[in-house]
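Going down the list, the protein sequences come from chains W and E. Going by UniProt numbering, the first sequence opens with residue 1, and the numbers climb by one from there. Going by UniProt numbering, the second sequence opens with residue 1, and the numbers climb by one from there. Below is one structure, written out as structure tokens; comments come after it.
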Amino acid sequence: MSSTSQKHKEFVAEPMGEKPVMALAGIGEVLGRKLEENGFDKAYVVLGQYLVLKKDEELFKDWLKDTCGANAKQQRDCYGCLKEWCDAFL
Amino acid sequence: MPFVEDPAQLSKSRLKSDLVAHHVALPPAASKKELYVELHLKHIDQSNCADFSSDDEDPVHDVVGEDPENATVLDPSALTDKDLKDLLLKHGVKAGPIVASTRAVYEKKLRKLLQSGGKEELNEAENAVLYSDSDEEEEGDENKEEQEEPEGEQEQTAEALKLNQQRCNKRPCPLKQNEWSSKRNSKNAVRSSEQTREHRSQIPAGISKVSIAQHSGLRSGVPSGSQSVVSNGCSSRSSQAFSITEMVVEMESRTSPTVCSDKELSHSSKQEHRSRSSRLLKEVEDKDIIVDQAVRYTPKDSTCVKDTKPPQEPENDILKEIFPDTNATPTGIYATPRRPIKGAAQRPIQYAYPKTPVSPTTLERREVERRLVPIYIQILVFFTVVYVLYVISVIVEDGSSVMPLLESLNQWSDSEEGSPALDETQDTHSASGEL
């Protein structure tokens with residue numbers, strides 16, 4: 001089992017509600033701000049993007065990279081976080 | 001150029017993806033959109049112009065209206081959503097909805113696919129070239145060898161050997177084969193220079209005869225005839241590809257290996273110097289070691305010279321050689337049993353087998369059943385209770401018939417206690433009974 005961060009565990013533990021986009025694993029202040037600039041101000045909007053891309057890993061990671069410049073680890077963390085959240089709550 | 005959008009109107013991400021598609025170095029990530037627009041204008045618009053001018057058939061405005069396909073090759077960002085989706089589907093990508101936010105991603109994906117598609121074709125072409133080259137090399141070597149070895153039977157044995165080994169080794173180590181063949185080329189070339197020219201004339205005739213004979217031999221399928229044919233035919237067909245019919249023929253020839261080997265040995269001993277043949281055999285044996293190690297094939301048969309060694313023997317022979325002590329079973333030799341039978345020796349029967357996986361419902365049912373009272377006891381208790389209740393109801397309803405019973409009971413108790421109390425009780429009982 002790969003290690004997941006505290007942020008990941010917290011996010012996946014409950015419905016996201018109105019959590020900000022910086023609550024996502026892998027998304028810190030800098031990336032969060034960039035996402036907000038692009039209109040993704042809440043975590044559920046990013047979730048929406050993830051779902052519109054049909055939960056495809058590669059596409060979502062590419063999108064994340066293009067939108068906010070996330071590196072591979074950040075992409076991986078964010079994707080994993082959303083995936084697990086969907087598995088639990090969707 | 002109406003369909004080329006003004007770069008300033010494109011989003012930053014789209015500009016970025018366009019630049020990447022045209023292999024333009026991206027400015028640092030945090031740079032302003034204007035930079036991207038500039039670069040876009042500089043590089044992409046130029047290339048677009050170049051592309052259009054290179055179109056032989058249609059001028060620019062025709063391309064726009066009639067041929068969306070050509071436009072896609074140039075620029076996925078100029079596609080409609082539907083066309084983009086269709087193209088992606090063509091490349092095997094099932095795209096989701098192409099919305100504003102997803103468009104960039106899908107365009108990028110399409111570009112990647114287009115580029116990789118071109119690369120794959122190149123790779124396939126390269127592979128095809130490689131394979132064809134290797135085949136040509138082998139054929140060239142063999143032709144060379146045929147010319148350089150004008151020896152008689154010795155040459156045939158050598159070539160047959162080589163052929164067999166080539167067949168064996170064709171896949172695993174063709175390089176090794178070529179090395180060996182080149183080495184032997186040099187050695188045999190030295191020897192051949194010492195030889196007379198007589199053999200040279202023999203061989204071409206022999207080969208032509210043999211090729212004809214072999215074909216007939218194959219068709220007729222006569223084992224005896226094919227023996228000598230095959231042994232000579234091996235050399236003639238050295239330049240031809242490996243075929244199954246050859247295998248069959250050689251397997252047939254294998255049925256009498258000793259005969260043909262004796263023939264070959266006698267030939268070789270008669271015509272050539274003994275030393276040469278023994279040296280050749282040694283070489284052959286050395287090669288065989290490699291062959292055996294590389295590919296598990298025919299065992300070393302001391303009597304049979306390897307000239308008639310077929311590339312593939314039936315497995316029974318191999319196993320027999322490897323395990324000479326085991327008895328042959330009617331169906332064949334088994335090297336190892338598959339699964340030990342329960343109850344057989346060294347595998348005693350377990351009377352208590354581990355619990356089989358059980359579904360949760362059965363588990364629940366078992367739990368419940370354990371807590372409940374078994375059903376037989378329930379029935380017994382039921383009938384007992386019914387009987388007791390019946391007795392009581394009878395007593396209550398119909399006291400008179402039960403009176404004697406009660407009196408007897410009371411008399412029995414009278415014997416223990418005083419009597420007057422009893423009379424009184426009797427009276428009261430009778431009174432209650434009447435009531």
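Idealized CB from N, CA, C, for every residue including glycine.
Rounded to the nearest angstrom, the Cβ distance from L31 (chain W) to Q74 (chain W) is 7 angstroms, consistent with a contact under 8 angstroms.
The beta-bridge partner set that DSSP reports for K42 (chain W) consists of W:P20.
L19 (chain E) counts as buried, since no fewer than 16 other beta carbons sit within 10 angstroms of its beta carbon. Within 9 angstroms of the CB of Q74 (chain W), no CB atom of chain E is found; the nearest one sits about 14 angstroms away. Neighbours of K54 (chain W) across chain E, judged by C-beta separation under 9 angstroms: K94, A95, G96, P97. By the C-beta density criterion, H23 (chain E) is exposed, having fewer than 16 other C-beta atoms within 10 angstroms.
For V373 (chain E), no alpha helix (DSSP H) encloses it, and the DSSP letter there is neither H nor E. Y106 (chain E) is not a Cβ neighbour of L89 (chain E), given a cutoff of 8 angstroms. Taken atom to atom, the span from the alpha-carbon of E37 (chain W) to that of A70 (chain W) is near 15 angstroms. Straight across, the Cα-Cα distance linking S77 (chain E) with A25 (chain W) is about 32 angstroms. Using a Cβ-Cβ cut-off of 8 angstroms, S101 (chain E) counts as an interface residue toward chain W, since at least one Cβ of chain W sits closer than that to its own. Residues of chain E whose Cβ lies closer than 9 angstroms to the Cβ of D41 (chain W) do not exist, since the nearest Cβ in that chain is about 13 angstroms away. Annotated three-state conformation of A70 (chain W) is coil, per DSSP.
Counting along the chain, the unbroken alpha helix (DSSP H) around L35 (chain E) starts and ends at 33-39. By the Cβ neighbour-count rule, D77 (chain W) is buried, with 16 or more other Cβ atoms within 10 Å of its own. Interface residue (Cβ-Cβ distance to chain W less than 8 angstroms): K16 (chain E) is classified as such. Counted as a single uninterrupted DSSP element, the alpha helix (DSSP H) harbouring L89 (chain E) occupies residues 81-90. Closer than 8 angstroms to the CB of Q49 (chain W) there is at least one CB belonging to chain E.
Any Cβ of chain W closer than 8 angstroms to the Cβ of A78 (chain E) would place that residue at the interface, and such an atom is absent.
Taken through DSSP and simplified to helix, strand or coil, H43 (chain E) comes out as helix. A104 (chain E) belongs to the set of residues whose beta carbon lies under 8 angstroms from a beta carbon in chain W. DSSP places E14 (chain W) in the coil class of the three-state scheme, outside both helix and strand.
Nearest CB-CB separation between K109 (chain E) and chain W: below the 8 angstroms threshold.
E14 (chain W) places its beta carbon 8 angstroms or farther from that of K42 (chain W). Residue-level contact by beta carbon fails for S253 (chain E) and chain W, as no gap is shorter than 8 angstroms.
Annotation for A23 (chain W): K7, E10, F11, M16, A43 place their beta carbon closer than 8 angstroms to its own, counting only its chain and skipping 5 residues before and after. Distance check between V99 (chain E) and each of W:V52, W:L59, W:F89, W:L90 places W:V52 closest, using alpha-carbon atoms only. Counting C-beta atoms within 10 angstroms of its own C-beta, L372 (chain E) has fewer than 16 neighbours from the protein chains shown and is therefore classed as exposed. For G96 (chain E), there is no enclosing alpha helix (DSSP H), since its DSSP letter is neither H nor E. For the 8 angstroms CB-CB criterion, S17 (chain E) and A95 (chain E) do not form a contact. Under the 8 angstroms criterion on CB atoms, L59 (chain W) is classed as interfacial with respect to chain E. L114 (chain E) carries a helical assignment under DSSP once its states are collapsed to helix, strand and coil.
Neighbours of S13 (chain E) in chain W, taken as residues whose beta carbon is under 7 angstroms from its own, are D66, T67 in chain order.
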